[in-house]
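Since the structure comes first, as structure tokens, the remarks are kept for the end.
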Amino acid sequence: QHYLQRIAAIDPQLNSYVTVTSELALAQAQAADQARTDGKAGILTGIPLAHKDIFCTQGVKTTAGSRMLGDPKNPFIAPYNATVVEKCLNAGLVTLGKVNMDEFAMGSTNEKSYFGASKNPWDTNRIPGGSSGGSAAAVAADLAPFATGTDTGGSIRQPASFCGLTGIKPTYGRVSRFGMIAYASSFDQAGPMARSAEDCAYLLQVMSGHDAKDSTSVDRPVDDYVAELNQVAELNQPLKGLRIGLPRQYFGHNGLNSEVQSRIDAALQQLQQLGAILVDIDLDTTDAAIPAYYLLAPAEASSNLSRYDGVRYGYRCENPTDLTDLYSRSRAEGFGDEVQRRILIGTYALSAGYYDAYYVKAQKVRRLIQQDFLRAFEQVDVIAGPTAPSTAYQIGENLDPVSMYLGDIYTIAVNLAGLPAISAPVGFDDNKLPVGLQLIGPYWSESKLLSIVHQYQ
Ligand code: GLN
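In the UniProt record's numbering, the protein residues as written are 33 to 489.
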């Protein structure tokens, strides 16, 4: 009730929720109370959360921020729960509702949502970041204690950075993608967004694990994130000997805002005081990540989004004259500009005449980027840098697609390589806007990343 009241009072200014599931939440809360009375409560029983509106929720509208699934006349009501949603319910978590996002998770600002941009609680004239901007705005304004997000090219980390939160994108395969509406399947990965690494650890624990329903989810035991966090916290000089790599290509980057740079430098000094050793390294493939991603992710999107044809489910245009008209008008009216742009780019890159020149080449670049990281991890334990080159910008300030893509410089390579990475708040710029530090780790190092940030926090 506390959160539902806050949402009713504050969310009209933030537009972070697409759907508030009040009745469901109260019923789940009551069941949680009962579980507590019966001595059957787990540690998270009764704690509320918000889900990014990309996760299928049984009986509840699931829109992916698109008219295609969220048209008011015929919204998509998912007939089943995503595995992530199911796991949260099994842990006793209470669903407050579904939160706003860029359409099909394509974007960095939340302005691409069919439901309008969500606002940054630190300054409501600014974007909260994207695509998990609704998750970030809701948690930053305390309209949920934590939230789920998804990260295909930075969509957990960048909004976490812009809203002063901690968010972790796990290793590809750690969290099931079943029931998570696909954007670019070989990149998409779900993770938690919260106000601390500790809260992220609790939620990631619930979300993680092998799922027979997702063939890319990995059958490997899940670490005890919370226990490891607490173990490290008991050490005297907790980060002693930890080697943190600083890629020259990240810091020499001329798009990097100087205030962001100075907050990152200060955070790195603090990590050094906790015992870490800073090592300069090279990631020579840094500049190749944006072009490779913006070919491969649209290629996968063009294939994934072919299911929205106006026939099976979702938006259907009125009075189609024939089948072709039905397909083309349903898609033209149901998808926004950015989604259409990516379908066009992806279809072009996959077409017979250009496949080798674009798609195959980008796949080779993807492998080189992965190898670059693996080489770096022979020298260092984790890699640090800014999460984004700037802090949150004004709504409407960055509408040119390419300039928006360039803001993904620090986050996107991680998804090309499938690595885990965390963003943590490290202070504010002169406009009192949060700055985020990113730490990238080797495969399956979620526990280490959470522990380092926990020490810092
Ligand atoms: N900003 C990136 C894009 O527009 C990343 C999105 C994401 O991670 N879902 O594709």
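Built from N, CA and C at the ideal position, the CB exists for glycine as well.
| request: Using 10 angstroms around the beta-carbon of P253, count the other beta-carbons present and answer buried if the total reaches 16, otherwise exposed. | output: Counted from its first residue, the sequence shown places residue 253 at position 221. P253 is exposed by the Cβ-count criterion.
| request: Can you give me the start and stop residues for the beta strand (DSSP E) that R275 sits inside? | output: As a working mapping, residue 275 is identified with position 243 in the sequence shown. It spans 275–279 - the beta strand (DSSP E) in which R275 sits, taken as one unbroken run.
| Given 8 Å as the limit, is there contact between the region 351–365 and the region 111–120, that is, 3 or more CB pairs closer than that? | no
| Proximity test, S249 beta-carbon vs ligand 1 heavy atom, cut-off 6 Å | The residue you call residue 249 lines up with position 217 of the sequence shown. It does not: the Cβ of S249 is nowhere closer than 6 Å to a heavy atom of ligand 1.
| request: Put G199 into one of helix, strand or coil per three-state DSSP. | output: Mapped onto the sequence shown, residue 199 falls at position 167. Three-state result, G199: strand.
| request: Ignoring anything shorter than 3 residues or poking outside the region 145–183, list the beta strand (DSSP E) runs there in chain order. | output: Segments of the beta strand (DSSP E) lying fully in the region 145–183: 178–183.
| query | Quick one: is the Cβ of T95 within less than 6 Å of any heavy atom of ligand 3? | reply | This structure simply doesn't include ligand 3; it includes ligand 1 instead.
| In or out: N122 buried (at least 16 other Cβ within 10 Å) or exposed? | Counting from 1 along the sequence shown, the entry for residue 122 is found at position 90. Exposed, because fewer than 16 other Cβ atoms sit within 10 Å of the Cβ of N122.
| request: Confirm, please, whether the CB-CB distance from D314 to R280 is below 7 Å. | output: Taking the sequence shown and counting its residues from 1, the one referred to as residue 280 is at position 248. Taking the sequence shown and counting its residues from 1, the one referred to as residue 314 is at position 282. Taking 7 Å as the Cβ cut-off, R280 and D314 qualify as a contacting pair.
| said: Just checking S338 against ligand 1 - is the residue's beta carbon closer than 6 Å to any of the ligand's heavy atoms? | reply: Sequence index remark: in the sequence shown, residue 338 carries index 306 (1-based). When distances are taken from the beta-carbon of S338 to the heavy atoms of ligand 1, even the shortest one reaches 6 Å or more.
| task | Would you mind stating whether A57 and G78 have Cβ atoms separated by less than 7 Å? | result | Working through the sequence shown from its first residue, we reach residue 57 at position 25. Working through the sequence shown from its first residue, we reach residue 78 at position 46. Against a cut-off of 7 Å, the Cβ pair of G78 and A57 comes out as no contact.
| If we count Cβ pairs, one from each stretch, closer than 8 Å, do we get three or more for the region 409–420 versus the region 164–176? | no
| query | Whose C-beta lies closer than 7 Å to the C-beta of A67 among residues of the same chain, with five residues either side of it excluded? | reply | Start at 1 with the first residue of the sequence shown, and residue 67 comes out as number 35. These residues qualify, in order along the chain: A73, T77, G124.
| C-beta contact flag for A298 and A170 at 7 Å | Here residue 298 refers to the residue found at position 266 of the sequence shown. Here residue 170 refers to the residue found at position 138 of the sequence shown. Not in contact: A298 and A170 (Cβ atoms no closer than 7 Å).
| request: Specify the secondary structure class of V458 as computed by DSSP and reduced to three states. | output: The residue labelled residue 458 in the question sits at position 426 within the sequence shown. DSSP places V458 in the strand class (E or B) of the three-state scheme.
| said: For D251 and F87, what's the separation of their Cα atoms in angstroms? | reply: Along the sequence shown, read from residue 1 onward, the residue named residue 251 stands at position 219. Along the sequence shown, read from residue 1 onward, the residue named residue 87 stands at position 55. Whole-angstrom Cα-Cα distance: 22 Å.
| Per DSSP, what kind of secondary structure is T379 in: helix, strand or coil? | As a working note, residue 379 is residue 347 in the sequence shown. T379: helix per DSSP, three-state reduction.
| query | What's the C-alpha gap between Y282 and P330? | reply | On the sequence shown, residue 282 is found 250 positions in, with the first residue counted as 1. On the sequence shown, residue 330 is found 298 positions in, with the first residue counted as 1. About 25 Å.
| query | Shorter than 7 Å from the beta carbon of A229 to some beta carbon of chain C? | reply | Within the model displayed, chain C is absent; a lone protein chain is all it includes.
| request: Compute every distance between the C-beta of D183 and the non-hydrogen atoms of ligand 1, then say whether any falls below 6 Å. | output: The sequence position of residue 183 within the sequence shown is 151, counting from 1. Yes, since a heavy atom of ligand 1 falls inside the 6 Å radius drawn around the Cβ of D183.
| request: Give me the Cα-Cα distance between M225 and L382, rounded to the nearest whole angstrom. | output: Here residue 225 refers to the residue found at position 193 of the sequence shown. Here residue 382 refers to the residue found at position 350 of the sequence shown. Going by the C-alpha atoms only, they are around 34 Å apart.
| Do you know offhand how far Y325's Cα is from E332's? | As a first step, residue 325 is located in the sequence shown; it is residue number 293 there, counting from the start. As a first step, residue 332 is located in the sequence shown; it is residue number 300 there, counting from the start. Their backbone Cα atoms lie some 10 Å apart in a straight line.
| query | What separation, rounded to the nearest whole angstrom, lies between the Cα atoms of L236 and I309? | reply | Within the sequence shown, numbered from 1, the residue matching residue 236 stands at position 204. Within the sequence shown, numbered from 1, the residue matching residue 309 stands at position 277. In a straight line, the C-alpha of L236 is about 28 Å away from that of I309.
| request: Go through the region 415–486 residue by residue and report every complete run of the alpha helix (DSSP H) that reaches 4 residues or more, in order. | output: Segments of the alpha helix (DSSP H) lying fully in the region 415–486: 433–438, 444–449.
| So what does H285 bridge to, in DSSP terms? | Taking the first residue of the sequence shown as position 1, residue 285 is located at position 253. Paired residue(s): none; H285 is not in a bridge.
| message | Helix, strand or coil, according to DSSP, for M212 in the structure here? | response | The residue given as residue 212 occupies position 180 in the sequence shown. Residue state, collapsed to three classes: strand.
| request: Identify which residue in K464, A449, D461, C120 has its Cα closest to the Cα of T203. | output: Here the question's residue 203 lines up with position 171 in the sequence shown. Nearest C-alpha to T203: A449.
| task | Let me know the beta strand (DSSP E) ranges lying completely inside the region 60–131, each 3 residues or longer, listed in chain order. | result | 80–84, 126–131
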